[in-house]
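Colleague: Dropping a structure here in structure tokens format, bear with me for questions.
In this note's numbering, the protein residues as written are 148 to 417.
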């Protein structure tokens, strides 16, 4: 009887594992379908203004990628803003994550609360509040205000990512370095920073992704500056050109390549 029950339990366990695997692959396919459609329609040989039905295969749009001046400038703006916001957010977020994960100080609990509040705040609320701040401060809206806004809403994500890495760091490694005569800066540079680097890189990639595809917050603080998402939304009424799909494909490929490199590097270090 015990053997039969054990076999029945094993069978149910295998069935549960198979259902879980099937469910996981179903979610992966569901999330990947829009990306696959975007990549596919970057090769669509459209004959009309709309790019919503398949009309043939062509590489023409890759050759004519920078033909639309407004779209090209919007992409350049998005890339420059994303790089600037990523650098600032990664530096500030790494220091914040290190402080919150390693040290105990007065106001630490409030700081953690504010970090998670920033994550849960709707973008509409954040965009409206930032607009009020810039207007009341008489700041001209443009590249600078967009970078400030992107740093503010991406900072919490980088901080949380780095903090999680710092919490799992073995403090005995730093103590050993100091016992061997390393200064505080040398200990951070040679021991702490390499140990938390996977979290720093992951946070930076997340900040870049959040910045380059943001629409809601950017639409409040952009002024006359057009970014890639803003240009796409503005072109919906007249028809989105295939170059948008091509640029989206290239951006996705860049992000995927960076993520793969980070994962491979982390695995080799492990």
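All residues carry an ideal CB built from backbone N, CA and C; glycine is no exception.
(1) So, does the region 300-311 touch the region 237-249, judging by three or more C-beta pairs under 8 Å?
(2) Considering only their Cβ atoms, is the gap separating residue 354 from residue 233 smaller than 7 Å?
(3) Report the CB separation of residue 215 from residue 345 in whole angstroms; it is logged as a contact under 8 Å.
(4) So for residue 190, helix, strand or coil by DSSP?
(5) Can you tell me where the alpha helix (DSSP H) with residue 270 in it begins and where it stops?
(6) Buried or exposed: which applies to residue 254, given that a residue is buried once 16 or more other Cβ atoms fall within 10 Å of its Cβ?
(7) Once you ignore the five residues that flank residue 193 on each side, which residues in its own chain have a CB closer than 7 Å to its CB?
(8) On the three-state DSSP scale, how would you describe residue 204?
(9) Closest to residue 315 by C-alpha separation, out of 304, 266, 247 and 286, would be which residue?
(10) Whole angstroms is fine: what's the gap from residue 367's alpha carbon to residue 224's?
(11) Taking one C-beta from the region 357-371 and one from the region 292-304 each time, how about it: are there three or more such pairs within less than 8 Å?
(12) Look up residue 383 in the DSSP assignment and say whether it is helix, strand or coil.
(13) Assign residue 395 to one of three DSSP states: helix, strand, or coil.
(14) What's the C-alpha gap between residue 403 and residue 212?
(15) What separation, rounded to the nearest whole angstrom, lies between the Cα atoms of residue 343 and residue 372?
(16) Just curious, the alpha helix (DSSP H) that residue 326 is in, first and last residue?
(17) Leaving aside the five residues before and after residue 338 along the sequence, list all residues of the same chain whose C-beta is less than 6 Å from its C-beta, in chain order.
(18) Please report the distance separating the alpha-carbon of residue 210 from that of residue 376.
(19) Roughly how far, in whole angstroms, is the beta-carbon of residue 349 from the beta-carbon of residue 409, given that I think they are within contact range, below 8 Å?
(20) Since residue 393 contacts residue 300 with CB under 8 Å, what's their CB separation in whole angstroms?
(21) With residue 378 and residue 221 assumed to form a contact (beta carbons below 8 Å), what rounded beta-carbon distance in angstroms separates them?
(22) Classify residue 287 as helix, strand or coil using the three-state DSSP reduction.
Modeller: Working from what's here:
(1) yes
(2) The residue you call residue 233 lines up with position 86 of the chain shown. The residue you call residue 354 lines up with position 207 of the chain shown. Taking 7 Å as the Cβ cut-off, residue 233 and residue 354 qualify as a contacting pair.
(3) Position 68 of the chain shown, counted from the start, is the residue given in the question as residue 215. Position 198 of the chain shown, counted from the start, is the residue given in the question as residue 345. Contact between residue 215 and residue 345 does not hold, since their C-beta atoms are separated by about 38 Å, which reaches or exceeds 8 Å.
(4) The residue given as residue 190 occupies position 43 in the chain shown. Residue state, collapsed to three classes: coil.
(5) By one-based count along the chain shown, residue 270 stands at place 123. Counting along the chain, residue 270 sits inside the alpha helix (DSSP H) bounded by residues 270-283.
(6) Along the chain shown, read from residue 1 onward, the residue named residue 254 stands at position 107. The residue in question, residue 254, is exposed, as its Cβ has fewer than 16 Cβ neighbours within 10 Å.
(7) By 1-based counting over the chain shown, the position of residue 193 is 46. These residues qualify, in order along the chain: 202 and 389.
(8) Taking the chain shown and counting its residues from 1, the one referred to as residue 204 is at position 57. In the structure shown, residue 204 sits in a strand (DSSP, three-state: E or B).
(9) In the chain shown, the residue the question calls residue 315 occupies position 168. Of the listed residues, the one whose Cα sits closest to residue 315 is 247.
(10) Taking the first residue of the chain shown as 1, we reach residue 367 at position 220. Taking the first residue of the chain shown as 1, we reach residue 224 at position 77. If you take the alpha carbons of residue 367 and residue 224, they lie about 16 Å apart.
(11) yes
(12) The residue given as residue 383 occupies position 236 in the chain shown. If DSSP states are grouped into helix, strand and coil, residue 383 belongs with coil.
(13) In the chain shown, counting from the first residue as 1, residue 395 sits at position 248. Helix at residue 395.
(14) As a first step, residue 403 is located in the chain shown; it is residue number 256 there, counting from the start. As a first step, residue 212 is located in the chain shown; it is residue number 65 there, counting from the start. Cα to Cα, the separation comes out at about 21 Å.
(15) Position 196 of the chain shown, counted from the start, is the residue given in the question as residue 343. Position 225 of the chain shown, counted from the start, is the residue given in the question as residue 372. Rounded to the nearest angstrom, the two C-alpha atoms are 36 Å apart.
(16) In the chain shown, residue 326 corresponds to position 179, counting from 1. 318-326 is the span of the alpha helix (DSSP H), which, as asked, contains residue 326.
(17) Sequence index remark: in the chain shown, residue 338 carries index 191 (1-based). Cβ within range, chain order: 320, 321 and 324.
(18) Locating residue 210 in the chain shown gives position 63, where the first residue counts as 1. Locating residue 376 in the chain shown gives position 229, where the first residue counts as 1. Cα-Cα distance, rounded: 22 Å.
(19) Indexing the chain shown from 1 puts residue 349 at position 202. Indexing the chain shown from 1 puts residue 409 at position 262. Going by Cβ atoms, the distance from residue 349 to residue 409 rounds to 7 Å, so yes, they are a contact pair.
(20) Residue numbering aside, residue 393 sits at position 246 when the chain shown is read from its first letter. Residue numbering aside, residue 300 sits at position 153 when the chain shown is read from its first letter. No, residue 393 and residue 300 are not in contact; Cβ-Cβ is about 28 Å, not under 8 Å.
(21) Numbered from its first residue, the chain shown carries residue 378 at position 231. Numbered from its first residue, the chain shown carries residue 221 at position 74. Indeed they touch by this definition, with Cβ atoms about 4 Å apart.
(22) Position 140 of the chain shown, counted from the first residue, corresponds to residue 287. Three-state DSSP puts residue 287 in coil, outside helix and strand.
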